[in-house]
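Colleague: Here it is, the structure, as structure tokens.
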Amino acid sequence: MLEQDKNPFKNLQGDLKDVPPELRKKVMEDVATAKLIMELTGLFTGSFAAIIEGMLKTKSKPNKI
Amino acid sequence: MTFLKKLCFIIIGNQFSEKSVSDSVHEKYTDLELIEQIVSKNDSMLFGVLYDRYSKLVYNKCLGFAKSNKEAEDLTQDIFLMLFVKLGSFKGTSKFSTWLYSFTYNFCVNYVNRNKERKINDNSVKFDNQEDVPIDVTDNLLLQMQVDKLKKALELLDPEDKSILLLKYQDGASIKELEDILDLKSSAIKMRLKRAKVKVTEIYKTLP
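These protein sequence lines map, in sequence, to chains Y and D.
One point on numbering: in the UniProt record's numbering, the residue at position 27 of the first sequence is 27, and numbering is uninterrupted.
One point on numbering: in the UniProt record's numbering, the residue at position 119 of the second sequence is 119, and numbering is uninterrupted.
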């Protein structure tokens, strides 16, 4: 294991630069749009498998004794 | 009227206190707890907490692959959007930070490779005899490298090799974690690391 103070890889970045503050707003807007699209897509595609399965399923008649 | 005013003040006051309490609660969540909450509720507001924790690190990693601050900013924006969509694929087998760094590197590597014009113009050093790795570069040899020269050598290295070296030696990922993240066997990981170390050492030696 490399020692942290001697490891040149650890010192590559130097002092970390601050993220531009306006970036947070952009990201959160993107995420809100993505969430909306994911939820809308879920509305239309989520239950297709269940619907098809339900259509193909035949009701089993109870056995008469 | 006074009663209504009082009621409004109480409601507004409660909302503010609830917000501050919930913010402090979110800050106490571990990464794993936070991710479980985000994924189960698809909560974009909680995702903001995750952004606040890791945006600086991700942005600085992007700066290592980008040619400008604006490019790094765009990369960071895209990475966090993709992270929101793919967060459910985090299985918790490695530290979240390691998984996120790998995610970031993958995104940056794809970006650099996709940019063909840049690929032609850059000075990436290619080695034809990748199968024959004659020497073994020890960790001690890497320890002795100068930071400035190593930085230049990494700029000239293939982005795939650069990312595995950074994951191992900068982010402290273990071989086991690399196995999980990269979905490779330990022998393959070790070979990729060995080749990357040889390449970076060769480039390092050519630098003045």
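Backbone N, C-alpha and C define an ideal beta-carbon position, used for all residues, glycine too.
Can you give the Cα-Cα distance for residue 165(D) and residue 158(D), rounded to whole angstroms?
Modeller: 11 Å
Colleague: Is any beta-carbon of chain Y found at less than 8 Å from that of residue 51(D)?
Modeller: yes
Colleague: Just the Cα atoms here: how many angstroms apart are residue 148(D) and residue 208(D)?
Modeller: 11 Å
Colleague: Need the endpoints of the alpha helix (DSSP H) that residue 37(D) sits in, please.
Modeller: Looking at the DSSP string, the run of the alpha helix (DSSP H) that includes residue 37(D) is 31-41.
Colleague: Quick one: residues in its chain with C-beta nearer than 8 Å to the C-beta of residue 179(D), no 5 flanking neighbours on either side, listed in chain order?
Modeller: 185, 186, 189
Colleague: How should residue 94(D) be labelled, buried or exposed, when 16 other C-beta atoms within 10 angstroms of its C-beta is the threshold for buried?
Modeller: With 16 or more Cβ atoms within 10 Å of its Cβ, residue 94(D) is classed as buried.
Colleague: With residue 32(Y) as the anchor, note down where its alpha helix (DSSP H) starts and where it stops.
Modeller: Here the alpha helix (DSSP H) through residue 32(Y) covers 22-45.
Colleague: Expressed to the nearest angstrom, what Euclidean distance is found between the alpha-carbon atoms of residue 1(Y) and residue 14(Y)?
Modeller: Because residue 1(Y) sits at a pLDDT of 49, beneath the cut-off of 50, its placement in the model cannot be relied upon, and the following sentence gives the value as read from the coordinates. Distance between the alpha carbons of residue 1(Y) and residue 14(Y) is about 21 Å.
Colleague: Could you tell me whether the Cβ of residue 55(Y) comes closer than 8 Å to any Cβ of chain D?
Modeller: no
Colleague: Of all the alpha helix (DSSP H) runs that stay within the bounds of the UniProt domain "RNA polymerase sigma-70 region 2" (50-116) of chain D, which reach a length of 4 or more residues?
Modeller: 69-86, 96-114
Colleague: With a cut-off of 8 Å on the beta carbons, I'd call residue 32(Y) and residue 85(D) a contact; round off their distance for me.
Modeller: About 13 Å; that fails the 8 Å criterion.
Colleague: Anything in chain Y within Cβ reach of residue 80(D), meaning under 8 Å, just list it in chain order.
Modeller: 27, 30, 31
Colleague: Residues of chain D with CB closer than 7 Å to the CB of residue 20(Y), please, in chain order.
Modeller: 73
Colleague: Mind reading off the beta-carbon distance from residue 7(Y) to residue 105(D)? Whole number of angstroms is fine, and I expect it under 8 Å.
Modeller: Not confirmed; about 18 Å, so no contact.
Colleague: From the beta carbon of residue 37(D), is the nearest beta carbon of chain Y less than 8 Å away?
Modeller: It does not: the Cβ of residue 37(D) has no partner Cβ on chain Y nearer than 8 Å.
Colleague: Can you check whether the C-beta of residue 43(Y) is within less than 8 Å of a C-beta belonging to chain D?
Modeller: no
Colleague: Using the Cα positions of residue 174(D) and residue 167(D), report the straight-line distance between them to the nearest angstrom.
Modeller: 9 Å
Colleague: Any idea if residue 18(Y) is buried or exposed, counting beta-carbon neighbours within 10 angstroms, 16 or more meaning buried?
Modeller: Residue environment for residue 18(Y): exposed (fewer than 16 other C-beta atoms within 10 angstroms of its C-beta).
Colleague: Taking the Cβ atom as the reference point for each residue, do residue 80(D) and residue 108(D) lie within a distance shorter than 8 Å?
Modeller: no
Colleague: At the 8 Å Cβ level, is residue 169(D) part of the contact set with chain Y, yes or no?
Modeller: yes
Colleague: Leaving out five residues on either side along the sequence, give the residues of the same chain with a beta carbon under 6 Å from the beta carbon of residue 200(D).
Modeller: 153, 157
Colleague: So, with DSSP's three-state summary, where would you put residue 162(D)?
Modeller: helix
Colleague: Using a C-beta cutoff of 8 Å, does residue 34(Y) count as contacting chain D?
Modeller: yes
Colleague: Would residue 12(Y) count as contacting chain D if we go by Cβ distances under 8 Å?
Modeller: yes
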